[in-house]
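Visitor: In the working numbering, the protein residues as written are 775 to 988. Beta carbons are placed, not taken as given, at the ideal position from N, Cα and C, and that holds for glycine. Dropping the structure in here first, questions after.
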Amino acid sequence: MGRDHCGIPPPARAAVARESTGPSFLVNATHILLCASLPVSHRKCPARGNTEQLARQAAQGIPDQMDTTWLRLRDYPLQPFEDWRHTTGVYPQPEGHARTLLDATMAASDIVFVAPVYWYSVPTDLKRYLDEWSAWLRVPDLGFRQGMHSKRFWTIATSAGTPEQARPMLESIRLCVSYFGAPFMGELLGNGSKPGDSLNDPVVRDAAQRFFHQ
Ligand SMILES: Cc1cc2nc3c(=O)[nH]c(=O)nc-3n(C[C@H](O)[C@H](O)[C@H](O)COP(=O)(O)O)c2cc1C
């Protein structure tokens with residue numbers, strides 16, 4: 775951690791964690807939203823990063839006929855979050871990027887968070903997206919809480935450290951999901967630093983291939 779991930783040595787070890795609530799993971803899925811919090815490729819390091827590679831490998835397990843949307847959060851930057859809970863108490867219908875993110879969120883049966891571990895937590899744009907949930911909860915007649923309750927959630931993440939060091943980030947997402955009483959389906963954790971590290975590990979690659987089905 776803390777060094778440019780374009781030029782660092784290969785990881786000391788690979789890690790994968792997989793948990794799930796049942797055998798037929800996609801059986802109730804109608805529309806899968808891959809909500810990706812990924813860095814912009816640097817011109818000196820144009821390859822897809824570990825997290826995107828891992829997610830794309832896993833997504834190959836999604837049946838062709840299933841609606842799948844990739845949403846790169848960086849493409850939909852949000853204004854700084856404003857806490858109006860104790861002033862107006864409500865938020866207006868979202869517009870612009872927030873509207874796009876909300877509509878994509880509401881349309882999905884399954885939401886897959888795709889993000890590297892940054893400082894033991896989620897990257898900024900994913901955090902900012904999660905903060906927006908607090909506004910959407912207070913948009914009159916939106917039914918956000920109820921809508922979220924019936925979705926299913928997944929996480930695909932990579933980190934350069936040990937699985938234990940990735941726990942706070944993974945647990946943070948789990949807690950956000952449990953706030954809505956929604957089912958958490960599983961998490962896939964790869965280990966790596968420079969692009970390609972993660973899928974170089976056969977255990978991780980195999981887990982990615984099986985992530986959405988058995
Ligand atoms: C800003 C920043 C913070 C990071 N913080 C952590 C961390 O807290 N724990 C960790 O294990 N790895 C950390 N890493 C390493 C990345 O999680 C790891 O290199 C990951 O594979 C990068 O994903 P990517 O290739 O998709 O960009 C950090 C990397 C960056 C750039």
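(1) Along the chain, where does the beta strand (DSSP E) that runs through A889 open and close?
(2) By how many angstroms is the C-alpha of V978 removed from the C-alpha of L800?
(3) Rounding to the nearest angstrom, what Cα-Cα distance links G935 and N965 in this structure?
(4) Quick one: grab the DSSP three-state call for E869.
(5) Which term fits W893, buried or exposed, when burial requires 16 or more other beta carbons within 10 angstroms of its beta carbon?
(6) How many Å lie between D975 and G835 at the Cα?
(7) With a threshold of 7 angstroms (Cβ to nearest heavy atom), would S946 be considered close to ligand 1?
(8) Just mark S933 as buried or exposed, buried being the case when its beta carbon has 16 or more other beta carbons within 10 Å.
(9) How many Å lie between S924 and A821 at the Cα?
(10) Do P942 and S895 count as a contact pair if the criterion is CB distance below 8 angstroms?
(11) Assign R984 to one of three DSSP states: helix, strand, or coil.
Guide: So, to answer that:
(1) Unbroken beta strand (DSSP E) run through A889: 884-890.
(2) L800 and V978: Cα-Cα distance of roughly 20 angstroms.
(3) Cα-Cα distance, rounded: 7 angstroms.
(4) Looking at E869 - three-state DSSP - the assignment turns out to be coil, as it is neither helix nor strand.
(5) Exposed, since its Cβ has fewer than 16 Cβ neighbours within 10 Å.
(6) Taking the straight line from one Cα to the other gives about 18 angstroms.
(7) It does not: the Cβ of S946 is nowhere closer than 7 angstroms to a heavy atom of ligand 1.
(8) Result: buried.
(9) So the two alpha carbons sit approximately 36 angstroms from each other.
(10) It is a contact, given that the beta carbons lie within the stated cut-off.
(11) Looking at R984 - three-state DSSP - the assignment turns out to be helix.
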